[in-house]
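In our numbering, the protein residues as written are 24 to 171.
By construction, the Cβ of each residue, glycine as well, lies at the ideal position given by its N, Cα and C atoms.
Quick caveat, the model's predicted, so the values are computed rather than measured.
In what follows, a structure is listed as C-alpha cells, so that the remarks can point back to it.
Written out as C-alpha cells, the structure is:
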C-alpha cells in the first residue's frame, strides 16, 4: 500500500520521534514520567498502559493486535500487550491467543527505546531486536513506541 507517493514503511519511518510538535507540550507533560532507575518489569506492570492511553493516537486508531515482548535478561519475562482500536486494553504475562508480533530484546535495549535514547528502527537494524510475526504490525509499533 502507499500513502500518496510514499510506501507505508517510508511514511511510518518519517514520523518524528519528538511528538511535542504534534501533540503540544502540555499533553506530553501530563503523561507519567519514566524514572531513570525503572526496570522493564516495573514499566510493563505500572506505566505502559497509562502512558499510551493518555495520548490520542489517531494514526493507529484501527490497530487491533497482541504484541509480545520477550525480555531476554535481567530477570527475564514475557509481556503481552493487547491493543484494541489503538488503546492498550491489557498488559499480561499470560495469553490465550497467539501473539500477532513478537519482539525479543534485552532489558537495556527496551529501556533505551522507551527513554528515546535509540529508535526502534535503529535497534532493529543494529540487531538488538529480533522481530517475528507480522512485519507491517512491527512498523505500526514504531508509532505506539513513540507514545510509550
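Is residue i buried or exposed, if buried means 16 or more other CB atoms sit within 10 Å of its CB?
i: residue 119; result: exposed
i: residue 133; result: buried
i: residue 108; result: exposed
i: residue 86; result: buried
Taking 6 Å as the limit between beta carbons, can you name the residues of its chain near residue i, skipping five residues before and five after?
i: residue 112; result: 105
i: residue 160; result: 88, 123, 124
i: residue 153; result: 127
Please identify the residue among the options whose C-alpha is closest to the C-alpha of residue i.
i: residue 100; options: 151, 145, 110, 115; result: 115
i: residue 157; options: 126, 141, 135, 139; result: 126
i: residue 60; options: 131, 123, 103; result: 131
i: residue 122; options: 148, 110, 89, 149; result: 89
i: residue 84; options: 154, 160, 110; result: 110
Can you tell me where the alpha helix (DSSP H) holding residue i begins and where it ends?
i: residue 134; result: 130 to 137
i: residue 146; result: 143 to 148
With a CB to CB cut of under 8 Å and the five nearest residues on each side skipped, what residues in its chain are close to residue i?
i: residue 129; result: 94, 95, 96, 97, 151
i: residue 91; result: 101, 102, 103, 104, 118, 122, 124, 125, 126
Please report the residue range of the beta strand (DSSP E) in which residue i lies.
i: residue 116; result: Per DSSP, residue 116 belongs to no beta strand (DSSP E) and is neither H nor E.
i: residue 101; result: 100 to 107
i: residue 156; result: 152 to 156
i: residue 140; result: Run containing residue 140: none; DSSP gives neither H nor E here.
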